[in-house]
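In the UniProt record's numbering, the protein residues as written are 7 to 509.
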Amino acid sequence: SLEEIQSFKGKYPKQIWSLFFSEMWERFCFYGMRGMLVFFMISQLNFEEKEANLQYGATQAFVYAFTFVGGLFADKILGFRKSLFWGGILMILGSIFLAIDPHTYFFFGLSFIIIGTGFFKPNISTMVGELYKEGDSRRDAGFSLFYAGINLGAFLGGYVCVAIGKGYMLNDVIAEAHRWNIAFGLAAVGMLVSLINFYFTERHLGPIGLQPGHPQAIVKTKALPKWAEYLVYIGTLGAIPLIQLMVSKTQYTDYFMYTIGPLTLLYLFYEMTKVSKEERHKLIAALVFILFSIIFWGIYEQSGGSLSIFAAKNLNDTLLGGLLHMDPNGVNNSGGALFIIALAPLFGILWIWLSKRRLEPNTIIKFGLGFIFLGLGYYVLFSTRFFAVEGIASLDIFTLALLVITFGELCLSPIGLSIMTKLSPAKLQGIMMGMWFLASAYGQYVAGLIGANMAEAKEGSSLVEQLLVYTESYKDLGLYSLIAGLVLIVISPWIKKLMHGVN
Ligand code: GLN
């Protein structure tokens, strides 16, 4: 029963491993696919760099925008587990289309992955929150562990897929003509492993995610009839051509982004009229976190866009002063993830250690620190220009930047997941998690615009000038990030009040 699950002894509930591994392999698929996008568009589909950045931003924006839809349908109709399964199946299908013929099915396959991620990603995250009682101080540590799982998958998929596709890895085993097929196919395999793992371990989750609504909610959401469920499945498939149209033409992405956010906000305001005053305050606090996270991801998410072009052109391929040779794109995709895996347990321990001594910084301060590290990381990226030879910068310094940025990510991202589950009333859990990821959608969208600007600014210039253009922008982004961090720290007392004791 839920009571048994939530009164676990020790540091982590054992059910977390089921979610950990499923999310790990889902992220293998997702980051494997996404790490290839910009490079594939430029080298295989002959997109201009500017265009590729916008397209990339659009796909990622849609991925995260659909988490809102996925969260909503899970709350109202499917429940978390069915949502997760349905999402996984769509992601497998999408990856298979891409594996069969990535040139022809590029946007078609991506559309499946986009909507599939929407059903999968927010709901598995919410289930992690369900493993804990309200006020259990071990929750943040649990999310840190879960976040390590995310990044284990991101690390493996992010390096291997792009390195195989580019022919940097296994190039004597796989014929050139098949490299990209195999690379996308590998993403499909990852997703399959995720679902198989979930299938065999989900029974440990007891009542969690079986029904729409939440096991501990006093008012249970009434289960809708079966046909509602099938309607969701059919509706999803019917939406795919529309999604394909919207991702492949970026002006439609613009319209979409202009409307989806305001609409979801309106909807949330409507839901807010139906909750108590205290719950409303908490939701407002959650919204502040959500809004700031847009800025965070807009800066952070240069990683798959402009940084991926930067890595391909302006970086050497030696690490640790020449000790190792690595594909710079692979490092860009995976370096941060590796640092997270190494550091997340330490952060988990640190938060618990601090909270035992009543020293744990509250979530707002953690967010502020997140921005400050992010900003410092971008200053390190800026500094690559001082150690470059003929426009080729050092992969070592670049990797150092990833490390600093990772500190920032760990102060914000897992904490963000955790705080959403703490600040939302039971019946709005899925939707609020969707909102959290919707902010990522806007971040990704903004990131694409910023990246496209950079691509435009450096068009036709030499490698040396390109390096200057990029690093100049990274310096600006670093500054914005520091400012955002300070603002958060300054307004923290006010948000703290809104949180009514939630930390
Ligand atoms: N890197 C994290 C993940 O994939 C967070 C992504 C996000 O919220 N933008 O889960």
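Cβ coordinates follow ideal geometry from the N, Cα and C atoms, glycine included.
Which same chain residues, not among the five before or five after Leu230, have their C-beta less than 7 angstroms away from its C-beta?
Ile83
Name the DSSP bridge partner or partners of Thr324?
His331
How should Tyr111 be labelled, buried or exposed, when 16 other C-beta atoms within 10 angstroms of its C-beta is the threshold for buried?
buried
Spatially closest choice to Ser24 from Ile456, Phe161, Ser468, Asn203, by CA coordinates:
Nearest option by C-alpha distance: Asn203.
Outcome for Ile224 when other beta-carbon atoms lying within 10 angstroms are tallied against a minimum of 16
Here Ile224 scores only 49 on pLDDT, less than 50, and its place in the model should not be relied on; the value that follows carries that caveat. By the 16-neighbour rule on beta-carbons within 10 angstroms, Ile224 is exposed.
Could you pull out every residue in the same chain whose Cβ sits closer than 8 angstroms to the Cβ of Trp357, ignoring the five residues on either side in sequence?
Non-local beta-carbon contacts of Trp357 in its own chain, meaning distances under 8 angstroms to residues more than five positions away in sequence, involve Asp146, Ala147, Ser150, Glu366 in chain order.
Val168 and Asn339 closer than 8 angstroms at C-beta:
yes
Contact the region 126-137 vs the region 11-25: 3+ CB pairs below 8 angstroms
Between the region 126-137 and the region 11-25 there are three or more inter-stretch CB-CB distances shorter than 8 angstroms, so the stretches are counted as touching.
What are the start and end residues of each continuous alpha helix (DSSP H) run of 4 or more residues lying completely inside the region 64-127, in chain order?
At a cut-off of 4 residues, the continuous stretches assigned as alpha helix (DSSP H) that sit fully inside the region 64-127 are 86-106.
Quick one: using the 10 Å Cβ neighbour count with 16 as the cut-off for buried, is Phe413 buried or exposed?
buried
Using C-beta distances below 7 angstroms, list every residue in its chain close to Met426, excluding the 5 sequence neighbours before and after it, in chain order.
Ala292, Met438, Met439, Trp442
Helix, strand or coil for Val337? Go by DSSP, reduced to three states.
helix
For the ligand GLN, is there any heavy atom lying closer than 7 angstroms to the beta carbon of Phe113?
If you check the C-beta of Phe113 against the ligand GLN, you find no heavy atom less than 7 angstroms away.
Tell me whether Phe443, by its Cβ, gets closer than 7 angstroms to a heavy atom of the ligand GLN.
yes
For Ser400 and Tyr165, I'd like the C-alpha separation in whole angstroms.
Distance between the alpha carbons of Ser400 and Tyr165 is about 19 angstroms.
Just to confirm my understanding: we take Phe53, look at its own chain, exclude 5 residues before and 5 after, and list those with CB closer than 6 angstroms. What are they?
Met47
Kindly examine the ligand GLN and report whether one of its heavy atoms sits closer than 7 angstroms to the Cβ of Tyr451.
no
Could you tell me whether any non-hydrogen atom of the ligand GLN is closer than 7 angstroms to the CB of Ser28?
no
On the criterion of 16 or more Cβ atoms from any shown chain inside 10 Å, does Leu490 qualify as buried, or is it exposed?
Leu is not the amino acid found at residue 490; the sequence shown has Ala there. Classification for Ala490: buried.
Please say whether Trp233 and Gly449 have beta carbons closer to each other than 8 angstroms?
no
Taking the Cβ atom as the reference point for each residue, do Ala318 and Phe45 lie within a distance shorter than 8 angstroms?
Yes, the pair counts as a contact, with Cβ atoms nearer than the cut-off.
Given that a residue counts as buried once 16 or more other Cβ atoms are within 10 Å of its Cβ, and exposed if not, what is Arg40?
buried
Under 8 angstroms by Cβ, that's how I've got Met460 and Ser479 pegged, so tell me the actual separation to the nearest angstrom.
5 angstroms
Validate contact between the region 173-182 and the region 93-100 using beta carbons, cut 8 angstroms, 3 pairs:
no
Own chain, CB closer than 6 angstroms to Leu382, minus 5 neighbours either side, in chain order:
Val410
Helix, strand or coil for Ile315? Go by DSSP, reduced to three states.
helix
Would you tell me roughly how many angstroms separate the C-alpha atoms of Pro334 and Asp323, rounded to the nearest one?
6 angstroms
To the nearest angstrom, how far is the alpha carbon of Phe114 from that of Pro247?
8 angstroms
Please identify the residue among Arg209, Tyr62, Phe118 whose C-alpha is closest to the C-alpha of Gly241.
Phe118
Run through the DSSP bridge pairs and tell me what Ile398 is partnered with.
Val395
How about Gly354 and Leu418: are their beta carbons less than 8 angstroms apart?
no
Could you work out which residue in Ala432, Phe103, Phe34 is closest to Glu285 when comparing CA atoms only?
Ala432
Phe79 and Val238 closer than 8 angstroms at C-beta
yes
Within its chain, find whatever has a CB closer than 6 angstroms to the CB of Pro108; leave out the 5 residues flanking it on each side and keep chain order.
Answer for Pro108: Trp186, Phe190, listed in chain order.
Taking the Cβ atom as the reference point for each residue, do Gln217 and Gly85 lie within a distance shorter than 8 angstroms?
yes
Uninterrupted beta strand (DSSP E) stretches inside the region 221-275 (no shorter than 3 residues)
Listed in chain order, nothing qualifies, since the region 221-275 has no complete beta strand (DSSP E) run of 3 or more residues.
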